[in-house]
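Undergrad:
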Amino acid sequence: MDNQKNVMVFIESRNSKVAEVSLELLSAASRLAQELGSSVEAVALGHNLEEELKALGHYGCQRVYYTDDERLSHFTSVPYAKTITRIIKQYKPGVVLFGATTMGRDVAPRVASALKCGLTADCTDLQIGEHKIKEITYENTLLQIRPAFGGNIVATIVSPESVPSMATVREGVMKMNLPDPDKTVEIIQEPCVIDEDDFLTEILDIVREEKQVNLKAAQIIVSAGMGASDPETIGLAKELAKVLGGELGCSRPVVDSGILDKEHQVGQTGITVRPNLYIACGISGQIQHRAGMSEAKRIIAINKDPQAPIFALAHYGIVGDVKDVLGKMIKAYKTKA
Ligand SMILES: Cc1cc2nc3c(=O)[nH]c(=O)nc-3n(C[C@H](O)[C@H](O)[C@H](O)COP(=O)(O)OP(=O)(O)OC[C@H]3O[C@@H](n4cnc5c(N)ncnc54)[C@H](O)[C@@H]3O)c2cc1C
């Protein structure tokens, strides 16, 4: 098989657990590899991760190149970038994917720069296709799709002349496959070829701040926009979320105005969610918001403007004052419960 077509995913681990974004990327990589007729590979670094890595097979990973060293237990930029670069040079995949997380955003540009190849940040879609420049046609090229110019256009970016094509993808954007426990992964141990001098930083202590809100995992989200941003209406949205056993989300201006914390923000620069039910309260439905919630299974929109773009996406629309509607919904659900 032609190695240069393989799709490789950088496996992030935090607290000795593989990050969800890596499983989402493996699911996306499986789809791309199927189109390319190639394999899904992964590169993992850490310490005592072997048991955890076995689960990568369930998500379609066929081989993982694993460097085990106590010094790699916690992420540090230079040792990680050097190790990943070495593995890519050795196994020559055609595509390499990173999560657009703090870790991915730190390490991916270092690797791209060392390999002198392109990197597209924050992709929202990845496809395999053809690209023509003048007389040359590049086939089976990675089409790296992402919003550009403030979300006003969707750009397709290609880098067919530099191998591998590299991209970062935000958490929650790629749909995770259902795990198949019958699928296994081959774990290939790789030596740790890093000098002590490469460890430029020393980790003295790790302080973890637990997330108060887990929007990504929520099955029901009640989301407040600027039309529901006064304290009383936000309180009602929060109460409805509680009554329904869901979480409170919001649009970006609600965060920018300091009303709610960023961890509540849904959208292109917030969190991508796929709940069973999304109730958009006083949200106009601009493209940047829709980018984060359009794949909700059911969408209810409450807006006083019947022309609001959110209604084009909603399965059920309620035209009215959000405060009145929320009050009635809370009463109805409480009575039903
Ligand atoms: C690069 C970039 C990234 C962005 N990323 C994000 C992102 O991640 N997430 C995001 O949400 N936005 C994002 N935005 C901002 C986005 O473009 C919109 O400005 C934003 O989504 C609008 O928020 P909103 O719908 O709450 O407010 P508005 O657009 O002000 O809409 C308020 C809505 O409430 C309705 N309303 C008002 N009063 C009532 C009432 N009493 N009852 C019922 N309805 C009422 C109005 O009719 C209106 O439709 C981004 C923008 C840029 C340029």
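Its first residue numbered 2, the sequence shown is counted upward by one per residue in the working numbering.
Backbone N, C-alpha and C fix where the C-beta goes; we use that ideal spot for every residue, glycine too.
Keep in mind it's a predicted model, so treat the numbers as computed, not measured.
Tell me whether Pro-254 counts as near ligand 1, meaning its Cβ is closer than 8 Å to at least one heavy atom of that ligand.
TA: Numbered from its first residue, the sequence shown carries residue 254 at position 253. Correct: Pro-254 has its Cβ closer than 8 Å to ligand 1.
Undergrad: Taking 8 Å as the line, does the beta carbon of Val-267 fall inside it for any heavy atom of ligand 1?
TA: Taking the sequence shown and counting its residues from 1, the one referred to as residue 267 is at position 266. Result yes, Cβ under 8 Å from ligand 1.
Undergrad: Using 8 Å as the threshold, is the stretch 261-281 in touch with the stretch 240-249, meaning 3 or more CB pairs across them?
TA: Verdict: yes, contact present.
Undergrad: So, do the stretch 128-142 and the stretch 194-211 have three or more beta carbon pairs nearer to each other than 8 Å?
TA: With a cut-off of 8 Å, the stretch 194-211 and the stretch 128-142 do not count as touching, because too few Cβ pairs lie within range.
Undergrad: For a test of the three-state rule: what should DSSP assign to Phe-99, helix, strand or coil?
TA: Position 98 of the sequence shown, counting from 1, holds the residue named residue 99. Strand.
Undergrad: Report all residues from its chain with a CB closer than 7 Å to the CB of Met-2; omit the five preceding and five following residues, and keep chain order.
TA: Translated into the one-based positions of the sequence shown, residue 2 becomes position 1. Unreliable placement is indicated for Met-2, whose pLDDT of 47 sits below 50; the coordinate value is still reported in the next sentence. Same-chain partners within the cutoff: Ser-39 and Ser-40.
Undergrad: Is any heavy atom in ligand 1 found nearer than 8 Å to the beta carbon of Met-330?
TA: Taking the sequence shown and counting its residues from 1, the one referred to as residue 330 is at position 329. Incorrect: Met-330 has no Cβ contact closer than 8 Å to ligand 1.
Undergrad: Mind pulling the alpha helix (DSSP H) runs of 4 or more residues that sit fully within the stretch 198-283?
TA: Within the stretch 198-283, the complete alpha helix (DSSP H) runs of at least 4 residues are 232-245 and 253-257.
Undergrad: Per DSSP, which residues does Leu-144 bridge with? Please list them.
TA: Position 143 of the sequence shown, counted from the start, is the residue given in the question as residue 144. Per DSSP, Gln-128.
Undergrad: Alpha carbon to alpha carbon, how far is Met-167 from Ile-331?
TA: Translated into positions along the sequence shown, residue 167 becomes position 166. Translated into positions along the sequence shown, residue 331 becomes position 330. If I take the Cα positions, the gap works out to 47 Å.
Undergrad: Rounding to the nearest angstrom, what Cα-Cα distance links Val-96 and Ala-122 in this structure?
TA: Position 95 of the sequence shown, counted from the start, is the residue given in the question as residue 96. Position 121 of the sequence shown, counted from the start, is the residue given in the question as residue 122. Distance between the alpha carbons of Val-96 and Ala-122 is about 14 Å.
Undergrad: Could you pull the start and end residues of the alpha helix (DSSP H) that Gln-190 belongs to?
TA: Mapped onto the sequence shown, residue 190 falls at position 189. Run containing Gln-190: none in the alpha helix (DSSP H); it sits in the beta strand (DSSP E), 187-191.
Undergrad: Roughly how many angstroms lie between the CA atoms of Glu-36 and Gln-145, to the nearest whole one?
TA: Within the sequence shown, numbered from 1, the residue matching residue 36 stands at position 35. Within the sequence shown, numbered from 1, the residue matching residue 145 stands at position 144. Answer to the nearest angstrom: the Cα atoms are 15 Å apart.
Undergrad: Between the stretch 180-200 and the stretch 60-67, do three or more beta carbon pairs fall short of 8 Å?
TA: Yes, the stretch 180-200 touches the stretch 60-67.
Undergrad: Grab the span of the beta strand (DSSP E) containing Ala-156 for me, first residue to last.
TA: Against the sequence shown, residue 156 aligns to sequence position 155. Per DSSP, Ala-156 belongs to the beta strand (DSSP E) from 154-158.
Undergrad: Count the other CB atoms within 10 Å of the CB of Ala-313; is the residue buried (16 or more) or exposed (fewer)?
TA: Taking the first residue of the sequence shown as 1, we reach residue 313 at position 312. So Ala-313 counts as exposed.
Undergrad: Output the residue ranges of the beta strand (DSSP E) runs that lie fully inside the stretch 5-49 and measure 3 residues or longer, sorted by chain position.
TA: Whole beta strand (DSSP E) segments, 3+ residues: 8-12 and 41-47.
Undergrad: Opposite Ser-166 in the DSSP bridges: which residues?
TA: In the sequence shown, residue 166 corresponds to position 165, counting from 1. DSSP output for Ser-166 lists Val-96 as bridge partner(s).
Undergrad: Looking at C-beta atoms only, is the number of pairs between the stretch 232-246 and the stretch 295-302 that lie closer than 8 Å three or more?
TA: Too few Cβ pairs lie closer than 8 Å, so no.
Undergrad: Can you tell me which of the three DSSP states Gly-318 falls into?
TA: The count along the sequence shown starts at 1 and reaches residue 318 at position 317. Looking at Gly-318 - three-state DSSP - the assignment turns out to be strand.
Undergrad: Please report the straight-line C-alpha distance between Val-323 and Tyr-334, rounded to a whole angstrom.
TA: Walking along the sequence shown from the start, residue 323 turns up at place 322. Walking along the sequence shown from the start, residue 334 turns up at place 333. Cα-Cα distance, rounded: 16 Å.
Undergrad: What residue range is occupied by the uninterrupted alpha helix (DSSP H) comprising Tyr-60?
TA: Taking the sequence shown and counting its residues from 1, the one referred to as residue 60 is at position 59. Counting along the chain, Tyr-60 falls outside any alpha helix (DSSP H), and DSSP gives it neither H nor E.
Undergrad: Whose CA, out of Leu-57, Val-255, Gly-328 and Ala-292, lies closest to the CA of Ser-31?
TA: Residue 31 sits at position 30 when you count from the first residue of the sequence shown. The shortest Cα separation from Ser-31 among Leu-57, Val-255, Gly-328 and Ala-292 belongs to Leu-57.
Undergrad: Apply the 10 Å Cβ neighbour rule to Asp-69 and answer buried if 16 or more other Cβ atoms are within range, or exposed otherwise.
TA: Sequence index remark: in the sequence shown, residue 69 carries index 68 (1-based). Its Cβ being crowded by 16 or more others within 10 Å, Asp-69 is buried.
Undergrad: Considering only residues of the same chain and omitting the five flanking positions on each side of Leu-216, which have a CB-CB separation below 8 Å?
TA: Residue mapping note: residue 216 aligns to position 215 of the sequence shown, counting from 1. Same-chain partners within the cutoff: Ile-222, Glu-248, Gly-250, Glu-264, His-265, Val-267, Ile-272 and Val-274.
Undergrad: Is the beta carbon of Thr-102 sitting closer than 9 Å to the one on Ala-20?
TA: Translated into the one-based positions of the sequence shown, residue 102 becomes position 101. Translated into the one-based positions of the sequence shown, residue 20 becomes position 19. Contact: yes.
Undergrad: Let me check one thing: in DSSP terms, what residues is Leu-120 bridge-paired to?
TA: Your numbering for residue 120 matches position 119 in the sequence shown. Met-167, per the DSSP bridge assignment.
Undergrad: Should Pro-94 go down as buried or exposed, given a rule of 16 or more other Cβ atoms within 10 Å for buried?
TA: Position 93 of the sequence shown, counting from 1, holds the residue named residue 94. So Pro-94 ends up on the buried side.
Undergrad: Whole-angstrom Cβ separation of Ser-285 and Gly-321, contact assumed at under 8 Å?
TA: Position 284 of the sequence shown, counted from the first residue, corresponds to residue 285. Position 320 of the sequence shown, counted from the first residue, corresponds to residue 321. Going by Cβ atoms, the distance from Ser-285 to Gly-321 rounds to 15 Å, so no, they are not a contact pair.
Undergrad: Tell whether a beta-carbon distance below 9 Å holds between Thr-86 and Leu-116.
TA: The residue given as residue 86 occupies position 85 in the sequence shown. The residue given as residue 116 occupies position 115 in the sequence shown. Result yes, Cβ atoms of Thr-86 and Leu-116 sit closer than 9 Å.
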